[in-house]
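Participant: Sequential numbering of the sequence shown, starting at 2, is according to our numbering. Note that beta-carbon positions come from the ideal geometry of N, C-alpha and C, so glycine has one too. Source: prediction; values computed, not measured.
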Amino acid sequence: MKATGIVVEYNPFHNGHLHHAAKAKELSGADVVVAVMSGQFLQRGEPAFADKWTRTEMALSAGVDVVIELPYAFATAQASEFARGAIELLDAAGCSSFCFGSEQGEIEPFLSTLELLGKERDQYEKVIHDRVQTGISYPKALNEAYLSLTKGSSRYADLTKPNNILGYHYIEAAHTINSAMAPLTIQRIGAGFHDPLEPGVAIASATGIRNAFFEGEELGELAPYLPSSSIRLLERVHAEQQGFVDWQRFYPLLRFTILREGPQALARFAEMTEGIENLIHESAKRSETFEVFVNRVKSKRFTRTRIQRMLTHIFTGYTQQEAQAAKHPEYIRLLGMTKNGRRYLNERKKAIPLPVISRAADLTGNMGQLDIRASTLYLQAIGADSLKKEYTTPPIYLGDSSDK
């Protein structure tokens with residue numbers, strides 16, 4: 002059997018994700034779609050809207066065949082590390098291709114960009130260093146350095162766009178590990194990354210969907226933007242945990258942690274730099290809500306996303322030392338599969354170079370223990386009755402009627 006891989010968060014799974022999974026399978030000619038999905042915390046430094054098992058079931062109900070968890074160490078990292086962890090897992094899972102959505106919509110500009118940055122790496126990094134020294138944010142320095150090389154030529158990928166940036170890093174990671182996976186991309190359609198909901202447009206952004214709900218929309222009113230299976234599963238989790246998850250729900254625990262640790266101890270957590278721990282501590286003392294708090298901390302140099310990743314690491318206790326030790330994924334944590342996905346894994350199991358883990362109790366080593374710690378802290382924040390889920394939830398299996 003032939004597999005294509007996709008890298009996802011499904012926060013939550015919407016019609017755009019449905020389109021991506023279907024087009025990935027069509028474009029690659031694959032029999033199965035393997036998704037590497039972030040767990041309880043996401044790349045932009047946010048707790049997931051719904052837990053990883055709910056999001057896994059959404060995916061399996063709508064065209065994905067295998068869901069693998071991206072370990073916390075990569076799921077909450079900057080784009081290049083996020084991409085590297087995901088691509089290494091898809092390669093280990095035996096995918097013959099990987100497919101990402103992009104604003105670019107064509108693969109050739111990404112390949113040209115890879116070639117250009119390979120040739121001009123020293124100059125590129127020098128410009129980045131020089132721009133950062135002027136006080137601008139690292140993402141803005143990257144963009145300015147890139148434009149200095151490409152001069153806006155359409156031959157190269159537009160790396161001002163969020164999905165293009167991730168796409169480039171996927172291709173770069175595959176090249177770095179000499180993967181045989183073929184890179185594929187599909188045109189991102191519908192709403193932009195942060196666009197609000199628009200009536201009559203069936204493909205909305207996950208951000209728009211989440212914001213609409215937190216602003217008072219009922220789940221039924223979001224039905225035009227999500228598959229019916231997603232609506233059903235979201236209704237279930239909404240009833241079970243009295244709402245969905247955002248930083249405000251986590252803020253009392255985060256604030257307690259920041260105030261208890263103090264500035265000196267905060268400095269040991271991953272991505273903390275340049276004395277920002279003092280501002281974080283002082284802002285937590287003065288801020289009653291998460292929005293007020295994060296707005297006091299962010300600046301031209303420190304973007305909201307970067308700040309949120311720091312806060313995620315404070316919340317989970319993820320240290321600089323742990324981050325430096327996280328070089329490569331050490332296992333494949335299976336979250337769920339369809340009947341077709343199980344057939345694929347059975348065919349491939351002897352060729353998979355990493356242990357395939359189906360129970361949290363089998364996770365060993367620092368990376369595995371970190372995943373357990375992050376998940377149990379997430380579950381604690383949404384209700385103590387959920388704490389046992391990390392250990393008691395088996396991989397979700399969606400077979401046909403003959404399997405039930």
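#1: Suppose contacts are defined by Cβ-Cβ distances below 8 Å. Is R233 in contact with G318 by that definition?
#2: Okay, do the region 5-19 and the region 82-101 touch, 3+ Cβ pairs below 8 Å being the bar?
#3: Taking 8 Å as the threshold (C-beta atoms), are Q321 and A271 in contact?
#4: Quick one: measure Cβ to Cβ for L1 and F316, integer angstroms, because I've assumed they're closer than 8 Å.
#5: Helix, strand or coil for V1 per DSSP?
#6: What does the Cβ neighbour count give for N165, buried or exposed, with the cut at 16 atoms within 10 Å?
#7: Leaving aside the five residues before and after T394 along the sequence, list all residues of the same chain whose C-beta is less than 6 Å from its C-beta, in chain order.
#8: Measuring straight from C-alpha to C-alpha, what distance separates R344 and S288?
#9: Could you check what DSSP says for Y345 in three-state terms: helix, strand or coil?
#10: How big is the Cα-Cα spacing for E219 and I210?
#11: Using the Cα positions of A63 and F14, report the straight-line distance between them to the nearest angstrom.
#12: Please specify which runs of the alpha helix (DSSP H), each continuous and at least 4 residues long, are wholly inside the region 98-186, giving them in chain order.
#13: Tell me the rounded alpha-carbon separation between V128 and P140.
#14: In the DSSP assignment, find the alpha helix (DSSP H) that holds A84 and state where it starts and stops.
#15: State the DSSP-derived secondary structure class of F270, mapped to helix, strand or coil.
#16: Under a three-way DSSP split, which group does V67 fall into?
#17: Is it right to say D363 is buried, meaning 16 or more other beta carbons lie within 10 angstroms of its own, or is it exposed?
#18: So, using beta-carbon positions, are F75 and P330 closer together than 8 Å?
#19: Excluding the five sequence neighbours on either side, which residues of its own chain have a C-beta within less than 6 Å of the C-beta of K26, listed in chain order?
#20: DSSP three-state label for P48, please.
#21: Look at D372 and P72 and say whether their C-beta atoms are less than 8 Å apart.
#22: DSSP three-state label for I7, please.
#23: I'd like the span of the alpha helix (DSSP H) that includes R334, first residue to last.
#24: Please classify R156: is it buried, with 16 or more other beta-carbons within 10 angstroms of its beta-carbon, or exposed?
#25: Under a three-way DSSP split, which group does S403 fall into?
#26: What does V34 pair with, by DSSP beta-bridge criteria?
#27: Kindly list the residues whose CB is nearer than 7 Å to the CB of Y11, restricted to its own chain and excluding five residues on each side of it in sequence; keep chain order.
#28: With which residues is Q188 paired in a DSSP beta bridge?
#29: Where in the region 242-266 do unbroken runs of the alpha helix (DSSP H), each at least 4 residues long, occur, reported from the N-terminal end onward?
#30: Do you know whose CA, among A326, L399, L160 and P110, lies nearest N367's CA?
#31: Let me confirm a value: N16 is counted as buried when at least 16 other C-beta atoms fall within 10 Å, else exposed. Which label applies?
#32: From what residue to what residue does the alpha helix (DSSP H) around H18 run?
#33: Looking only at C-alpha atoms, which of K162, L112, L118 and A51 sits nearest to A240?
#34: Report the residue from P225, F215 and S230 whose alpha carbon sits nearest the alpha carbon of Q243.
#35: Quick one: grab the DSSP three-state call for Y319.
#36: What three-state label does DSSP hand S62 in the structure shown?
Facilitator: If we stick to the structure as given:
#1: no
#2: yes
#3: yes
#4: Nothing about residue 1 can be reported from this structure: the residues present for the chain run from 2 to 405 only.
#5: No statement about residue 1 is possible, as the shown extent of the chain runs from 2 to 405 and does not include it.
#6: buried
#7: W54
#8: 52 Å
#9: helix
#10: 11 Å
#11: 9 Å
#12: 109-120, 122-133, 139-151 and 163-177
#13: 13 Å
#14: A80 to A93
#15: strand
#16: strand
#17: exposed
#18: yes
#19: V34
#20: strand
#21: yes
#22: strand
#23: Premise fails: R334 lies in the beta strand (DSSP E), I333 to T339, not in any alpha helix (DSSP H).
#24: exposed
#25: With a pLDDT of only 38 at S403, under 50, the local geometry of the prediction cannot be trusted, and no value is derived from it.
#26: T5
#27: H18, M38, R56, M59 and A60
#28: S103
#29: none
#30: A326
#31: buried
#32: N16 to S29
#33: A51
#34: F215
#35: coil
#36: coil
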